[in-house]
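Reading through the structure tokens given below for one structure.
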Amino acid sequence: MVLEMCKLWKCEKKCEWCFLVFRVFIGLLFAVHGAMKFGIIGEGTISGFATGVGIPLWLGVIVGLIELVGGLAIAFGILTRLFAAFAGIELIVAYIMAHLPNGWNPFTNGGELALVYLASFILLFGYGAGKFSLDSLLCKKCK
Numbered sequence: 001m002v003l004e005m006c007k008l009w010k011c012e013k014k015c016e017w018c019f020l021v022f023r024v025f026i027g028l029l030f031a032v033h034g035a036m037k038f039g040i041i042g043e044g045t046i047s048g049f050a051t052g053v054g055i056p057l058w059l060g061v062i063v064g065l066i067e068l069v070g071g072l073a074i075a076f077g078i079l080t081r082l083f084a085a086f087a088g089i090e091l092i093v094a095y096i097m098a099h100l101p102n103g104w105n106p107f108t109n110g111g112e113l114a115l116v117y118l119a120s121f122i123l124l125f126g127y128g129a130g131k132f133s134l135d136s137l138l139c140k141k142c143k
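The numbering used here applies: residue 1 is where the sequence shown begins, and numbers increase by one.
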């Protein structure tokens, strides 16, 4: 769909560059969330995160790894669809567990960022990494 719109507007080359910027921003921002959970950035800890949201420590580690490793993979454009799927599932669960109990409205329950990320990962899952990515370099069929 995105490429069809680009062809209609005659901006295919600009669309690929814009998509690269989008993918890198989303990936790096998501990786920072994971880095914060591990204390790489800031003073957070995985046990503090897990306790705060009421999940077992092992699940907190998985969430942090999906965010850190998955975010970096998405930023570099490697295994983008796989990590976008994992991240999307994580965000659905996070929204249901952490935000929905505070009401249905994402602007009052604090869930708007989770939904923006979810929409981004749906796009990345559907579109893939794009032309300027490691996926594109390593897998000619993955374009």
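Where a beta carbon is used, it is the ideal one built from N, C-alpha and C, also for glycine.
What does a CB cutoff of less than 8 Å around residue i pick up in its chain, not counting 5 residues either side in sequence?
i   : result
I66 : G34, F83, F86, A87, E90
I92 : L118
P56 : A50
With distance defined between alpha-carbon atoms, name the residue in the options nearest to residue i.
i    : options              : result
V61  : G39, I74, L72        : G39
Y117 : C18, G77, L28, C15   : L28
C18  : A129, L134, L57      : A129
L20  : S133, I122, C139     : S133
S120 : V24, E16, C15, C139  : V24
V69  : I122, E43, M36       : M36
G146 : N105, A98, L138, E16 : The requested residue 146 is not part of the displayed model; the chain covers only 1 to 143.
Classify residue i: buried if its beta carbon has 16 or more other beta carbons within 10 angstroms, exposed otherwise.
i    : result
T80  : buried
I74  : buried
A31  : buried
I26  : buried
L124 : buried
F49  : buried
F107 : exposed
Taking 7 Å as the threshold (C-beta atoms), are residue j and residue i in contact?
i   : j    : result
Y95 : G111 : yes
I46 : G71  : no
What residues in its chain sit with their C-beta under 7 Å from that of residue i, if we drop five residues either side in the sequence?
i    : result
I122 : G88
Which residues in the same chain as residue i place their Cβ atom closer than 6 Å to its Cβ, once the five residues preceding and following it in sequence are excluded?
i    : result
N102 : N109
L115 : P106
Legend entry - Segments of 4+ residues assigned as alpha helix (DSSP H) that fall wholly inside the region 68 to 135: 80 to 94, 106 to 109, 112 to 127
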